[in-house]
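One structure is given below, encoded as structure tokens.
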Amino acid sequence: MNDEDDITSPSLESDLDLLPSQQPKSVLPKAAAVLSSMASPYRPQGSPAPSLSLQASSSSPSRLANLVKVIKKYISFLGPGIMVSVSFMDPGNYSTSVTASKFQYKLLFSIFVANIMAIFLQSLCAKLGAVTGLDLAQNCKKHISKKWNLTLYVLTEVAIIATDLAEVIGTAISLNILFGIPLFLGVVLTIIDVLIVLMAYRPNGPMIIVRIFEAFVSCLVLGTVICFAVELVTISNNITVKEIINGFLPSKTVIENDGLYISLAILGATVMPHSLYLGSGLVQPRLKEYDIKMGNYSEEEHSEADPGKHYVPSIDAINETMGYTITELVVSLFTVALFVNSAILIIAAATFKDSNTQETENADLFTIYNLLSANLSRTAGTIFALALLFSGLSAGVVCTLAGQMVSEGFLDWTITPSLRRTITRSIAIVPCLVLSLLSGREGLSNILNFSQVVLSFLLPIVSAPLIYFTNSKRIMKVGIRKSSMYHQNHGSGNEIQLDCLNNPSSPGEVIEFDELDDDEGDQLLQNNPQQQQQQMIDEHEIVAYKDMSNGTITKMLSIIIWLFITILNFYLVFSLMMGKDIPL
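According to the UniProt record's numbering, the stretch in the sequence shown is residues 1 to 584, in order.
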């Protein structure tokens with residue numbers, strides 16, 4: 001993300017391009033042997049030391065072998081991007097896309113632009129979480145005054161409750177369609193939909209638990225994608241490729257009257273405020289896993305030394321993981337979120353093509369189900385409702401995770417996910433219960449659309465700290481330790497710079513390890529335990545800082561996107577205040 005950094009793609013490019021034959025040949029082999037035999041104060045007892053390859057391999061692996069290696073490594077990073085994509089395709093997206101379908105396919109362009117903006121902001125979130133080791137809420141608490149921090153927390157909670165409204169309504173509607181459960185009862189049932197799953201999630205626990213949880217959410221997402229793929233095949237006779245392509249091109253419909261309002265609702269439904277907190281808080285487990293594996297970090301020793309101190313990723317972990325993390329995020333959002341959002345609008349537009357104008361104007365999720373069932377088959381309608389259920393369940397899970405990060409980050413308020421879920425869902429279901437009892441499906445549809453507009457209005461406020469933090473050199477700096485491979489690889493020439501190898505054994509005398517044979521080097525360390533301990537401490541001493549704030553181009557883009565969102569919001573607020581008839 002930083003076009004001015006001299007840190008090239010962390011490890012994504014190096015895995016493909018840096019062959020063993022290209023490794024530096026002028027090295028200190030015996031020094032490396034001694035170094036690799038030394039114990040790290042952060043490496044678990046009995047675990048193998050990371051190897052340091054200093055000799056060029058006689059045979060270079062093929063490009064295909066390197067490609068397979070990259071793919072395997074990429075697969076190990078799958079998960080966070082898919083979980084973030086859930087917030088791009090929750091029931092709120094269904095509602096706004098169905099409303100947008102009255103313009104046929106012309107607002108596909110709005111969906112595409114909203115996804116591009118969301119992907120850019122999510123990349124900044126991943127970068128912030130990786131570099132600082134903190135999520136967005138924790139960074140707000142650390143770097144923003146108490147007064148503004150509390151204000152931002154309250155607005156963020158409003159955004160999360162507005163998001164939860166969409167999940168409640170979408171799930172209740174799908175339960176009503178699939179099982180005939182009354183809307184008000186479906187609203188009540190949503191309060192217990194994912195409690196059992198959330199109790200099992202431990203972000204700071206074993207990595208296997210995190211991966212199982214990510215796999216569960218990924219299965220729900222996969223179910224949603226399959227449902228819409230089947231629906232698109234079913235309605236393929238009603239659409240043409242040319243119409244779809246033209247829909248992704250700019251048109252005046254996007255900025256005219258209702259089109260502008262609906263485009264803003266699409267933006268609010270896609271760039272969800274809670275997803276920014278979620279995206280910045282899902283990257284740390286893999287960074288920590290790498291540092292623990294390489295002996296750079298020990299959870300037990302750090303918790304004993306300073307229980308309140310948070311994990312700070314090493315620059316090696318950042319270089320190793322950030323490229324894959326952002327790549328997985330971009331690929332997931334482009335292939336999953338953009339596909340689902342576009343599919344919803346395409347299906348709705350194709351369904352309404354031969355319908356009367358009044359039916360199109362008042363379209364909601366029930367309307368889509370009824371038309372699919374009547375015009376195609378009951379199975380088509382059922383698949384649509386099933387996709388809505390999958391989306392509601394998965395979105396409810398990630399919304400609760402984001403809410404947990406917000407309360408813990410802003411207030412250090414640690415409560416169980418089940419209690420937090422009960423509180424936020426209880427607040428969200430009150431208006432839903434009242435409207436479902438008094439005005440039925442029409443009331444729920446109106447509040448579903450309104451919740452997306454509220455989210456869009458809150459987006460500039462919630463995203464402003466993200467832009468500020470990632471543009472700040474003070475916040476986005478990474479300490480470089482003496483033991484860091486980055487520090488070693490940025491020495492003069494091809495020589496590996498390891499200051500701990502040049503500690504004097506006696507005053508005025510510097511012993512170079514390449515002047516000793518293996519036995520002499522080992523004996524030197526064994527006979528000087530105090531020196532060995534000091535060497536291990538020195539290895540983890542920070543000797544410099546690396547600036548990883550946004551580069552000039554990224555900085556300009558982030559500010560332009562934020563201003564665009566803010567100006568668009570103020571324009572629509574002004575239109576509402578002037579009494580302009582904008583449908584909810």
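In this text, a Cβ means the ideal position worked out from N, Cα and C, and glycines have one as well.
In this structure, V312 places its C-beta atom within 9 Å of the C-beta atom of T132. S426 and L136 have their C-alpha atoms some 25 Å from each other.
Taking a 10 Å sphere around the C-beta of A159, we find 16 or more other C-beta atoms and assign the residue as buried. One Cα belongs to L189, the other to G403, and the distance between them is close to 20 Å.
Around the beta carbon of I344, 16 or more other beta carbons lie within 10 angstroms, which makes this residue buried. At least 9 Å separates the beta-carbon of Y94 from that of G247. The Cβ atoms of M83 and L278 lie closer than 9 Å to each other. A contact is defined here as three or more CB-CB pairs under 8 Å, and the region 115 to 127 fails this definition with respect to the region 368 to 379. Considered as a whole, the region 79 to 113 harbours no complete run of any beta strand (DSSP E) with no fewer than 3 residues. By the criterion of at least three beta-carbon pairs nearer than 8 Å, the region 255 to 268 is in contact with the region 95 to 114. Counting the other Cβ atoms within 10 Å of the Cβ of N237 gives fewer than 16, which makes it exposed.
Assigned with DSSP and collapsed to three states, Y571 falls in helix.
Straight across, the Cα-Cα distance linking W562 with I475 is about 20 Å. Secondary structure of I553 (DSSP, three-state): helix. A direct Cα-Cα distance of roughly 6 Å separates D364 from S445. Counting other Cβ atoms within 10 Å of its Cβ, L222 stays below 16 and is therefore classed as exposed. Taking 9 Å as the cut-off, the Cβ atoms of T470 and K127 count as close. Across the structure, F366 and V331 are spaced so that their CA atoms are roughly 32 Å apart. Taking the CA atoms as reference points, C432 sits about 8 Å from F184.
Under the three-state reduction of DSSP, D291 is assigned to helix. In the DSSP assignment, I480 falls outside any alpha helix (DSSP H) and within the unbroken beta strand (DSSP E) covering K477 to R481. Look at the beta carbons and you see the region 556 to 573 touching the region 459 to 470: at least three pairs across the two are nearer than 8 Å. Excluding five sequence positions before and after L333, the CB atoms of its chain that fall closer than 8 Å to its own CB belong to G81, V84, S85, F88, N115, A118, I119 and Q122, given in chain order. Beta-carbon to beta-carbon, S110 and S298 are separated by about 49 Å, too far to satisfy the 8 Å threshold. The criterion of a C-beta distance shorter than 9 Å is satisfied by L389 and L175. The beta carbon of D291 lies closer than 6 Å to those of Y297, S314 and A317 in the same chain, with the five residues before and after it left out. Taking the Cα positions, L108 is about 18 Å away from V453.
The C-beta separation of Y74 from Y324 comes to about 6 Å, placing the pair in contact by the 8 Å criterion.
The shortest C-alpha to C-alpha distance from N139 to any of A464, I559 and I553 is the one to A464. According to the DSSP assignment, F77 belongs to no alpha helix (DSSP H), since it is labelled neither H nor E. Between the alpha carbons of I326 and P182 lies a gap of roughly 42 Å. Per the coordinates, the alpha-carbon of L287 lies some 39 Å from the alpha-carbon of V187.
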